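**Student:**
2 protein chains.
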Amino acid sequence: MTLTVAQLSESELLARIFPRLHAGSSMLLGPGDDSAIIAAADGRTVISIDTQVQDKDFRLLWPNGGTSSGFDVGWKAAAQNLSDINAMGAVATAMVVSLTLPGTTPVGWVEDFADGLSAAIVGLGAPQCSVAGGDLSGGSELVVTVAVTGSLDGLAPVLRSGAQAGDQIAVCGNMGFAAAGWALHESSILPSTHSPALATAAALFSRPEPPLSAGPVAARAGATAMMDISDGLLRDATRLAAASGVTLDLDGAVLRGVARALEDCAVVLDADPLTWVLTGGEDHGLLSTFPEGASLPDGFIRIGSVLSLDVAGLAVTIDGQNFKGASDGAVGWDHFAV
Amino acid sequence: MTLTVAQLSESELLARIFPRLHAGSSMLLGPGDDSAIIAAADGRTVISIDTQVQDKDFRLLWPNGGTSSGFDVGWKAAAQNLSDINAMGAVATAMVVSLTLPGTTPVGWVEDFADGLSAAIVGLGAPQCSVAGGDLSGGSELVVTVAVTGSLDGLAPVLRSGAQAGDQIAVCGNMGFAAAGWALHESSILPSTHSPALATAAALFSRPEPPLSAGPVAARAGATAMMDISDGLLRDATRLAAASGVTLDLDGAVLRGVARALEDCAVVLDADPLTWVLTGGEDHGLLSTFPEGASLPDGFIRIGSVLSLDVAGLAVTIDGQNFKGASDGAVGWDHFAV
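Those protein sequences? They're chains A and B, same order as listed.
Position 95 of the first sequence, counted from 1, bears residue number 94 in numbering that gives the first Met the number 0, the numbering being contiguous throughout.
Position 42 of the second sequence, counted from 1, bears residue number 41 in numbering that gives the first Met the number 0, the numbering being contiguous throughout.
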């Protein structure tokens, strides 16, 4: 019989989790007291919080027969939170994690979750980040909340509001792969039949690979604005444009070139790969602006130019043209949309 | 018709919440970017996370006809998190908040929640603490997670592990009132019929009043160990004793004196007030140890003495005697217990 969390006390469950949590160099006091203590060397702490809810943000069993393991959910929770720190130009220092668990949740699932969290921290290049504490609750559905802290190491943060007319627009990281992987999970195409291209998309949806060293590198290279692409390029570009009071004009040819990497998936799923690139979230790449003439750091590609605010008030254009829905940011992911 | 969260976009809902969130002096960058930035003046950040789940940690409608409003849930979320920082001897600097909401949740409930959060921060004496960011998700039940940060202002943290044989044991704050209020909520006694004593217990259950300035004061007064009483005095004393490798011997006469304040409630509910004092959590008072001879700060009362670890290995005794369940910490609140 599978051991479930309802069969253990909270302290017994914690005793199984603690040894699996990654401890990095920034942790001055780890789990076990009322609070943890994290180093904040330059006198500032960057902080963010993000939640994943079962059957909203992930499914344990997908329509195509694929599964999201505890490891996958832990990896993704770490990846998307680490990305919020990266997008400020900061380096992650710690996470605190809250799990709401149905009593029927296998203990093994929770152990896998802890392993996935730690594996993402190390595997994505944030080994200084510790899992410093957490909380366990009972509930009727799985809810995973991670709060993450970071250090700017003396740098100014790179905000959404700093883009200037004349800047280059650049992105770093995967574009549209998580959207393709999601479409695949929601399809009837069995995981056992996946081509290598499909398997890659499925894997990058389950375990996204945000470019975690790119944020601080971009900050040092003079990025004027930056954000994490978590809800889709067009939606997030609209937010950056609004925060900066500018228009972001994207280069259609470059974006179609980016979308070519998804063509094999798109053919199988009868989808438009450019739509995945424009509206797909959860790859957690970076959208950044740099002064014209600045050399882009490794991994960044130029996808357009920052213009003075369009006379029609358009936040984002492609080759100078509006597109349906972009002006109000309605293209992309909304957590309450039906 | 009541406006529900399903009828608003995430950004529309955030626009209603943001103006209600308290902004304190420690916030260097507030909500709206990928992360917030908090001051950490002495180069360390204290951090904790805590979750409340609907129908586990609170009910919107109680058996006695009482309700927990959004304001109550927000107040309590703030109070219990601020208490975790207080218990380290630190001063709270910021919160980030994640709300998982059924689509049917009234927008007014969420606005009330934000007001309750801010009111607790100011009302409980933590005005320097900001609500610096958050996340909204859809889900089938209400889940409220708060991560909170604090500053030690150059002091050493007061851990659970520092109690020494010979120390005094002291508590600060309400004892057993939240347990009495919970029993009242679970009874058939209508709120409209409450005597002043019952109304006080009900109010302190809905909106606990942890002694938030007492933690740093105790630290400066030389407290050797400290923790937040969130799961009941006996259970939490057992944890402190285990962390320190000592036995905590409590004074039964003093505890019975403390319980006298609950006698009016106990008579009505046919309950034992001492049990509320010994096992009731959620008042979020402080359990501290101080060197013998030290003057206890205002608000602290002595409830016993720290002894060398009992030869029988008992963590907590009352007047030198064991009591059922205490040695394994099984008395008090367990999140997964049936």
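Every residue gets a Cβ at the ideal spot worked out from N, C-alpha and C, and that includes glycine.
Note that this is a predicted model, so its numbers are computed, not measured.
Measure the beta-carbon distance from residue 20(A) to residue 150(A) and round it to whole angstroms, keeping in mind my assumption that it falls under 8 Å.
**Tutor:** Wrong, their Cβ atoms sit about 19 Å apart, outside the cutoff.
**Student:** Give me the chain A residues within the contact set of residue 35(B), using Cβ-Cβ distance strictly less than 8 Å, ordered along the chain.
**Tutor:** Under the 8 Å cutoff, chain A gives 45, 46 and 47.
**Student:** For residue 214(A), write down the residues that DSSP places opposite it in a beta bridge.
**Tutor:** Looking at the DSSP assignment, residue 214(A) forms no beta bridge with any residue, so it has no partner.
**Student:** Please identify the residue among 36(A), 162(A) and 180(A) whose C-alpha is closest to the C-alpha of residue 340(A).
**Tutor:** Since the first residue shown for chain A is 0 and the last is 337, residue 340(A) is missing from the structure and cannot be characterised.
**Student:** I'd like to know if residue 99(A) contacts chain B, where contact means its C-beta is closer than 7 Å to some C-beta of that chain.
**Tutor:** So yes, residue 99(A) belongs to the interface.
**Student:** Taking contact to mean at least 3 C-beta pairs separated by less than 8 Å, is the region 133 to 141 of chain A in contact with the region 96 to 114 of chain A?
**Tutor:** At 8 Å Cβ cutoff, the stretches touch.
**Student:** If we define contact as Cβ-Cβ less than 7 Å, is residue 32(A) a contact residue for chain B?
**Tutor:** With 7 Å as the cut-off, residue 32(A) counts as an interface residue toward chain B.
**Student:** In the DSSP assignment, the beta strand (DSSP E) including residue 51(B) goes from what residue to what residue?
**Tutor:** Residue 51(B) -> beta strand (DSSP E) spans 43 to 52.
**Student:** Is there a C-beta anywhere in chain B that falls below 7 Å from the one on residue 0(A)?
**Tutor:** It does not; no Cβ of chain B falls within 7 Å.
**Student:** From the DSSP output, which residues share a beta bridge with residue 91(A)?
**Tutor:** In DSSP, residue 91(A) forms a bridge with 149(A).
**Student:** If the cut-off is 9 Å on Cβ atoms, which residues from the region 296 to 318 of chain B count as contacting chain E, listed in chain order?
**Tutor:** The structure shown contains no chain E; its protein chains are A and B.
**Student:** Report the CB separation of residue 227(B) from residue 309(A) in whole angstroms; it is logged as a contact under 8 Å.
**Tutor:** With a Cβ gap of about 53 Å, residue 227(B) and residue 309(A) do not count as contacting.
**Student:** Indicate whether residue 261(B) and residue 175(B) have their beta-carbon atoms separated by less than 7 Å.
**Tutor:** Yes, they are a contact pair.
**Student:** At a CB distance below 9 Å, what residues from the region 110 to 142 of chain A approach chain B? Give them in sequence order.
**Tutor:** So the list reads 131, 132, 133, 134, 135, 136, 137, 138, 139, 140 and 142, given in the order they occur along the chain.
**Student:** From residue 199(A) to residue 305(A), what does the alpha carbon distance come to, in whole angstroms?
**Tutor:** For residue 199(A) and residue 305(A), the distance between alpha carbons rounds to 33 Å.
**Student:** Which chain A residues sit within Cβ distance under 7 Å of residue 95(B)?
**Tutor:** What residue 95(B) touches in chain A: 46, 47, 48 and 146.
**Student:** Please list, in chain order, the residues of the region 154 to 185 of chain B that have any C-beta partner in chain A closer than 7 Å.
**Tutor:** Taking 7 Å as the Cβ-Cβ cut-off against chain A, the residues of the region 154 to 185 of chain B that qualify are 156, 158 and 159.
**Student:** Rounded to whole angstroms, what's the CA-CA distance from residue 328(B) to residue 185(A)? Just pull it up for me.
**Tutor:** Note that residue 328(B) scores 40 on pLDDT, short of 50, meaning its location in the model is unreliable and no value can be drawn from it.
**Student:** Less than 6 Å between the CB of residue 125(B) and some heavy atom of the ligand FAD, yes or no?
**Tutor:** Of the ligands one can find in the structure shown there are none, so the ligand FAD has no counterpart to examine.
**Student:** Is DSSP giving residue 105(B) helix, strand or coil here?
**Tutor:** Correct three-state label for residue 105(B): strand.
**Student:** Please list the partners that residue 84(B) has in chain A, where partner means a Cβ-to-Cβ separation under 9 Å.
**Tutor:** Chain A residues near residue 84(B): 33 and 34.
**Student:** Chain B beta carbons: is any one of them nearer than 7 Å to that of residue 245(A)?
**Tutor:** It does not: the Cβ of residue 245(A) has no partner Cβ on chain B nearer than 7 Å.
**Student:** Could you check whether the Cβ of residue 226(B) sits closer than 7 Å to any Cβ belonging to chain A?
**Tutor:** Yes - at least one Cβ of chain A is within 7 Å of the one on residue 226(B).
**Student:** What does DSSP give as the partner residues of residue 3(B) in its beta bridges?
**Tutor:** In DSSP, residue 3(B) forms a bridge with 105(B).
**Student:** If the criterion is Cβ atoms closer than 7 Å, does the pair residue 31(B) and residue 131(B) meet it?
**Tutor:** Taking 7 Å as the Cβ cut-off, residue 31(B) and residue 131(B) do not qualify as a contacting pair.
**Student:** Pull up the CB-CB distance for residue 287(A) and residue 246(A), whole angstroms please, since I reckon it's below 8 Å.
**Tutor:** So it is not a contact: roughly 16 Å between Cβ atoms.
**Student:** When you compare only the Cα positions, how much space is there between residue 4(A) and residue 318(A)?
**Tutor:** Answer to the nearest angstrom: the Cα atoms are 54 Å apart.
**Student:** Would you call the region 217 to 226 of chain A and the region 155 to 163 of chain A touching, i.e. three or more CB-CB distances under 8 Å?
**Tutor:** Enough Cβ pairs lie closer than 8 Å, so yes.
**Student:** Is the shortest distance between the beta-carbon of residue 87(A) and the beta-carbons of chain B less than 7 Å?
**Tutor:** Chain B contact via Cβ: present.
**Student:** Does residue 69(A) have its Cβ less than 7 Å from a Cβ in chain B?
**Tutor:** Chain B, which has no Cβ nearer than 7 Å to the Cβ of residue 69(A), makes this no.
**Student:** Look up residue 307(A) in the DSSP assignment and say whether it is helix, strand or coil.
**Tutor:** In this structure, residue 307(A) counts as strand in the three-state DSSP scheme.
**Student:** Could you check whether the Cβ of residue 55(B) sits closer than 7 Å to any Cβ belonging to chain A?
**Tutor:** By this cut-off, residue 55(B) is an interface position.
**Student:** Quick one: give me the first and last residue of the beta strand (DSSP E) that residue 167(A) is part of.
**Tutor:** Here the beta strand (DSSP E) through residue 167(A) covers 167 to 171.
**Student:** List the endpoints of the continuous beta strand (DSSP E) containing residue 316(A).
**Tutor:** Unbroken beta strand (DSSP E) run through residue 316(A): 315 to 317.
**Student:** Answer with yes or no whether the minimum CB distance from residue 52(A) to chain B is below 7 Å.
**Tutor:** Answer yes: the Cβ-Cβ gap between residue 52(A) and chain B drops below 7 Å somewhere.
**Student:** Using a cut-off of 8 Å between C-beta atoms, extract the partners of residue 28(B) located in chain A.
**Tutor:** The answer, in chain order, is 156 and 158.
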